[in-house]
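Heads up, the sequence shown is in our numbering, so the first residue is 320 and it goes up one at a time.
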Amino acid sequence: MSRRAIIYGFRKRDIYIVSISSMAGIIVGAKLFYFFTVLPDYIRNWDTVRSDLYNAIYYGFSGFVFYGGIAGALFMIFLYCVRHEYSFLKFTNVIIPVVPFIHALGRIGCFMGGCCYGVKYNGIFSVQFPKDSLIENLGAFPRFPVQLLEAASLFALFIIIYSHSSYIYPKGYMLRIYLCAYSIIRFMTEFLRGDTYRGIFFSLSTGQWISIFIFIGTFSSFLIQISKRQPPIPD
């Protein structure tokens, strides 16, 4: 990112500060979005929530939602750009090419921790988690390693995006590419997820509905930008 910053006219110092502030945004955003996914459970079981407030709070903030994390990180970047009078969308062209790589490492972490687990599966590449896993019923039967599938998809996306990052693109171009591509990846891999506590509405998970809205919004914006696009300039 530091190398890309110079190409776009930013300082390396900007990248270091934004990286630190983005980590805070990721944690807060991911926690808040997770809380909203379990909010219907709070409403249905309000009497239990009131009687055991400590465990209710723990339950409400015990997980993370990636889309909330990316929203929190982008918000922190936006605040930094406003403070220093930078173009936010131009700044995202520097940051976004490495995001799929970081995200892929996170999904490997999900696999190692057992969260975001897959559906019951007995075929090739199936994984048997330990019987004494912290997540209830995780080791009850073999599962599909959906975390590793998503990680592999993200690594491939990183290679594609980063291999084209040696050009100066229009403002927000990399962000739109990433959001369009990842929303497709997430929509498809959600069918292989087994942790249905994230919410199911009209046979689609919360993550799939968010993916649909993000894809429609970013793809529409992308088409508008493409119609006005100038050829990329080699650095």
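Where is the CB? At the ideal position from N, CA and C, for every residue including glycine. The structure displayed is predicted, hence computed values, not measured ones.
Check	Outcome
With distances taken between CB atoms, is the gap from residue 324 to residue 413 smaller than 8 Å?	yes
Could you name the residues of the same chain whose beta carbon sits closer than 7 Å to that of residue 541, not counting the 5 residues immediately before and after it, in chain order?	495, 499
For the structure I just gave you, are there three or more beta carbon pairs, one from the segment 458-474 and one from the segment 417-429, closer than 8 Å?	yes
Let me check understanding here. Comparing Cα to Cα, which of 535, 478, 395 lies closest to residue 419?	478
Relative to the alpha-carbon of residue 458, which residue among 465, 464, 466, 448 has its alpha-carbon at the smallest distance?	448
Among 396, 360, 383, 380, which residue has its Cα nearest to the Cα of residue 335?	396
What do you reckon, are the CB atoms on residue 386 and residue 352 nearer than 8 Å?	yes
Count the other C-beta atoms from every protein chain shown that fall within 10 angstroms of the C-beta of residue 403, then say buried if there are 16 or more, exposed otherwise.	exposed
From which residue to which residue does the alpha helix (DSSP H) around residue 329 run?	Residue 329 -> no alpha helix (DSSP H), and no H or E assigned at all.
Which of the three DSSP states, helix, strand or coil, is assigned to residue 522?	coil
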